[in-house]
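Step one of this worksheet: look at the structure below.
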Amino acid sequence: MTGLDKEALSWELAGEVRALQSAVEAVDAAAAARLGINQTDLRCLDVLLQRESAAPGELGAALGLTTGSVTAMLDRLDKLGYLTREPDPGDRRRSVVRASERTRKAAEEIYRPLAEEAHAGLQRYSAEELGLLLDFVRGSREVQEKHVSRIRG
38 MTGLDKEALS WELAGEVRAL QSAVEAVDAA AAARLGINQT DLRCLDVLLQ RESAAPGELG
98 AALGLTTGSV TAMLDRLDKL GYLTREPDPG DRRRSVVRAS ERTRKAAEEI YRPLAEEAHA
158 GLQRYSAEEL GLLLDFVRGS REVQEKHVSR IRG
């Protein structure tokens with residue numbers, strides 16, 4: 038493959054990554070609409086599904102939200118039954134937030150078919166190719182995280 042081919046493929050790959058990002062955002066928008074919440078609320082539920090629990094301040098930091106915005110979001114999600122709030126066992130002045138069973142079931146119903154289809158699609162690659170894809174995705178995520186820091190200053 039010539040340098041020109043590599044350059045053209047690099048730009049084509051970058052375009053496909055952007056298209057993938059748009060497709061992921063469309064899935065999340067559809068999921069949020071199905072759950073009757075907004076996309077920030079959905080991101081909050083995703084954070085809670087990845088952790089056993091989180092303090093409201095941790096959620097604010099993870100989502101880039103103010104204390105007031107986090108409180109309003111948690112009130113909405115609690116009212117809809119998507120999370121639980123309880124006193125922090127280590128400091129009863131604080132609270133911890135957990136995804137509810139309703140959230141776990143909804144996430145399973147919405148995202149399981151996508152995960153299974155994506156997993157099946159990856160089976161066409163060798164272990165070496167999967168390693169290369171994993172390296173690319175990790176590197177791309179790191180670039181995005183650095184850029185967030187640059188934007189925020």
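One gets my numbering by counting positions in the sequence shown from 1 and adding 37 to each. Just so you know, even glycine gets a beta-carbon here, dropped at the ideal spot from N, CA and C.
Put simply, the backbone Cα of ARG139 is about 6 Å away from that of TYR119. A direct Cα-to-Cα measurement between ASP78 and LYS43 gives close to 40 Å. In this chain, LEU102 is not harboured by any beta strand (DSSP E), its DSSP state being neither H nor E. The Cβ atoms of LEU114 and PRO93 lie no closer than 8 Å to each other.
For PRO150, the secondary structure class from DSSP, reduced to helix, strand or coil, is helix.
In this structure, DSSP gives GLU166 a helical state, which the three-state scheme calls helix. ILE147 and GLN160 have their C-alpha atoms some 22 Å from each other. Contact holds between the region 120-140 and the region 88-102, because three or more Cβ pairs, one in each stretch, are under 8 Å apart. Within the region 50-126, the beta strand (DSSP E) runs of at least 3 residues that lie entirely inside it are, in chain order, 120-125.
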